[in-house]
Amino acid sequence: MAEVTINNLTKKYDSYTVLEFEEWKISNGTIWIKGGNGTGKSTLFKIIAGQIPFKGEVMINTISLRQKPVDYRALISYAEAEPQYPALITGNELLDYHIRVRKSNRKTSTELVEEFNMGDFMDNKIGGYSSGMLKKLSLICAFTGDAELFILDEPLITIDIEAANVLYKIIQNYRNQGKTLLISSHQEIDKNLISIDSTFQIQDLRLVLC
Amino acid sequence: MLKLYIKTLGKEFYLQHTGLLLFIFYIVFGAVEPGQMVTYHQTLIISICSSPISLSIFLLILSIYTLKCYWFINQKLALPIYQFINISCSVNKKEQIKNWAVLYAVIGQPVLVYVAIFACVGIIYSFYWSILIVITYYLMLLIGAAFFTYRSVNLRYIYRKKFVAIDLRKTNKPFWSWPLYYLLKSQTIMLIVCKILSFILFKGIIWMFADANQDLKVGLIAILAVIITHSVIISTVLKHERTQLSFLNSLPVSNGKRMLTRLFFLSCLFTPELLFYISYSSNSIYSILTGLMFCISGAFTLMMSIYFFDNDTELNPTFVFLFFIVSMFVILYQQILIFSLLLLIITTIYHHQLFFKSKL
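Chains C and U, in that order, are what the protein sequence lines are. Taking this note's numbering, the leading residue of the first sequence gets -16, the next gets one more, and so forth. Taking this note's numbering, the leading residue of the second sequence gets 2, the next gets one more, and so forth.
Structure, rendered in structure tokens:
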């Protein structure tokens, strides 16, 4: 279980403030952050994923990103909206690196590869992947290892219906295991396939419960 | 359209190569006493005009510079931010080639100025054939570069068969080697040109001060030239790392591991030059250690400066220039080991800060 706490957050791009609030707390379950383009969903996710600098404090179960970045990052897994990877390496090389860093086993990842129908492409260079394949690879990497918090930024864009159904199933499984899943999407999520525990949207620079 | 080319591609070329151009300017004009400058260049040009071998070397230098410009423009044109250039395809062929040729002449100004001086001296001493050869050759280089750029912009749909296709898919590439593969496979021409330039400068400095009899200062100036020559490569690799390897920021990889990977990459990148330096140092442990320290810490400082100035296209080249000036003084005052250690300590602290602020 991951309890995510954000305190006194301010995020600006030059003089433009994107996010500013005193406190936001979430615990286990599937949390959907909805909203249109430019509302700050991806920025929020990048902050929690330790991708970009910000003012404030982000913690998971009292482990602070600022004070213990490696321990913090061991608890999270992040799949960005538009993943970018080195074009010259193969899908397997990227996956092997994730397995090694996350001290995970190959078997779980192989199952994920098969579920997402990526088996035939994993030995190909990433540069030759379509945007959908790139997205699937980022999801496979994100679900590699034993993280407590899964941050999935727009996981449904560019993937086909079959892959979306696989993703719904995985999300539901992880939720049932007591993990926390943060999902952003401007598309409606099929609530018959996954249980959404809470929904937020960003209004006036802060997160508001819907 | 031409104005736009000059304002974007032309400006970016000069901003990225300020350090290198200033270094070459120093080597060509600053290494001679001011009172002997005119006589020195007069003699140099006369010797180029009168010897076919010297003339060939001069033409080779012109070719390398033009190749570097061509590579730079083509590399930029492949970036999404330069996709607007594709609109030039609607203009007729002659106009397009003319625009590209003028752009190459603009970014080739440092060479063009020397060709002009060459022509003046050549006329005074009646070396008409040499002048004709140099001017014709340089014009051909400009038009050639313009023509090939025109082709790459207009004929992108043509499938180009690779002459050398090495399939590396089955070779397991460990993480530390990814930036090296990126350079070898995606930035091949840039790497080759950089290495040629680096070798010429290294050997040139050693030959220029051959009478100094393996003085440590000479070797360190050569290493400084090597670092400055690689500034564009370092910036390119870092840009690649910040976009394509940004996923690292969400993985439990420690600051020490990330920094060591970078230092290891720089050590691999500079291996050929460091081997030259070691052979020059003739087994003096102190000289070898000083050179290695200066090379790695200097290159790492340039890498960290890109973070510090947030990849600012004006401040970054200024820093490269300042680094060159300061390093030169430190070398002359024989304090390079302390300077290198200081650079390494400062950059290590800065890297640590960047890591903890999620800025890597």
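Virtual Cβ for every residue (Gly too), placed ideally from N, Cα, C.
The alpha helix (DSSP H) enclosing valine 321(U), as first and last residue numbers: Per DSSP, valine 321(U) belongs to the alpha helix (DSSP H) from 316 to 333.
What residues match up with tryptophan 177(U) in a beta bridge as DSSP calls it? BP columns for tryptophan 177(U) are empty, so no partner.
Select from Leu2(C), Ser(-2)(C), Glu97(C), Glu(-14)(C) the residue whose C-alpha is nearest the C-alpha of glutamate 145(C). Glu97(C)
Phenylalanine 330(U): buried (16+ other C-beta within 10 angstroms of its C-beta) or exposed? exposed
Roughly how many angstroms separate the alpha carbons of threonine 91(C) and threonine 127(C), rounded to a whole number? 7 Å
Beta bridge counterpart(s) of phenylalanine 133(C) as assigned by DSSP: Ser60(C), Leu164(C)
List the residues of chain C whose Cβ lies closer than 8 Å to the Cβ of glutamine 245(U), in chain order. Gln67, Tyr68, Pro69, Ala70
By alpha-carbon positions, which one of Thr9(U), Phe14(U), Phe26(U) ends up nearest to isoleucine 1(U)? There is simply no residue 1(U) to check, as chain U begins at 2 and stops at 361 in what is shown.
Do lysine 201(C) and valine 1(C) have their C-beta atoms within less than 8 Å of each other? Past the edges of chain C, shown from -16 to 193, lies residue 201(C), and the structure says nothing about it.
Cβ closer than 7 Å: which chain C residues qualify as neighbours of lysine 360(U)? Pro36
Inter-residue Cα distance where the pair is lysine 218(U) and leucine 290(U): 14 Å
Could you work out which residue in Thr(-7)(C), Pro52(C), Ile16(C), Leu71(C) is closest to proline 175(U) when comparing CA atoms only? Ranking Thr(-7)(C), Pro52(C), Ile16(C), Leu71(C) by Cα distance to proline 175(U) puts Leu71(C) first.
Is glutamate 65(C) helix, strand or coil when you go by DSSP? coil
Would you grab the beta carbon distance between valine 233(U) and phenylalanine 271(U) for me? Rounded to a whole angstrom, and I think it's under 8 Å. The beta-carbon distance between valine 233(U) and phenylalanine 271(U), rounded to whole angstroms, is 14 Å. This is too long to meet the 8 Å contact definition.
The alpha helix (DSSP H) that contains methionine 371(U), what's its start and end? Because chain U is modelled from 2 through 361, residue 371(U) falls outside the range shown and cannot be assessed.
Chain U contacts made by the stretch 110 to 121 of chain C, where a contact means CB separation under 7 Å: none
Please state whether DSSP places phenylalanine 183(C) in a helix, a strand or coil. strand
Runs of beta strand (DSSP E) wholly within the stretch 70 to 148 of chain C (minimum 3 residues, chain order): You should have 132 to 136.
Could you tell me which uninterrupted beta strand (DSSP E) segments, each at least 3 residues in length, are contained entirely in the stretch 62 to 106 of chain U, listed from first to last along the chain? none
Can you check which of these residues, Ala146(U), Ile82(U), His42(U), Pro35(U), is closest to isoleucine 362(U) by C-alpha distance? Lying before the first or after the last residue shown, residue 362(U) is absent from chain U, which here runs from 2 to 361.
Taking its Cβ as the centre, do 16 or more other Cβ atoms sit within 10 Å of asparagine 159(C), making it buried, or is it exposed? exposed
Cβ contact check for the stretch 295 to 314 of chain U and the stretch 180 to 191 of chain U: 3 or more pairs under 8 Å: Taking a contact to require three or more Cβ pairs closer than 8 Å, the stretch 295 to 314 of chain U and the stretch 180 to 191 of chain U do not qualify as touching.
Helix, strand or coil for tyrosine 126(U), going by three-state DSSP, please let me know. coil
Counting only beta-carbon atoms, is phenylalanine 176(U) nearer than 8 Å to chain C? yes
Skipping 5 residues on each side, what residues in its chain have a beta carbon closer than 7 Å to that of glycine 39(C)? Ile(-11), Asn(-10), Asn(-9), Leu(-8), Thr(-7)
Could you tell me the boundaries of the beta strand (DSSP E) in which methionine 42(C) lies? 38 to 43
Is the shortest distance between the beta-carbon of proline 138(C) and the beta-carbons of chain U less than 8 Å? no
For glycine 109(U), does the three-state DSSP call read helix, strand or coil? coil
Can you pull out the residues from the stretch 229 to 256 of chain U whose beta carbon lies closer than 8 Å to at least one beta carbon of chain C? His241, Thr244, Gln245, Leu246, Ser247, Phe248, Asn250, Ser251, Leu252, Pro253, Val254, Ser255, Asn256
With lysine -6(C) as the anchor, note down where its beta strand (DSSP E) starts and where it stops. -13 to -4
Along the beta strand (DSSP E) that carries tyrosine -1(C), what are the first and last residues, could you check? Counting along the chain, the beta strand (DSSP E) containing tyrosine -1(C) begins and ends at -1 to 9.
Classify threonine 137(U) as helix, strand or coil using the three-state DSSP reduction. helix
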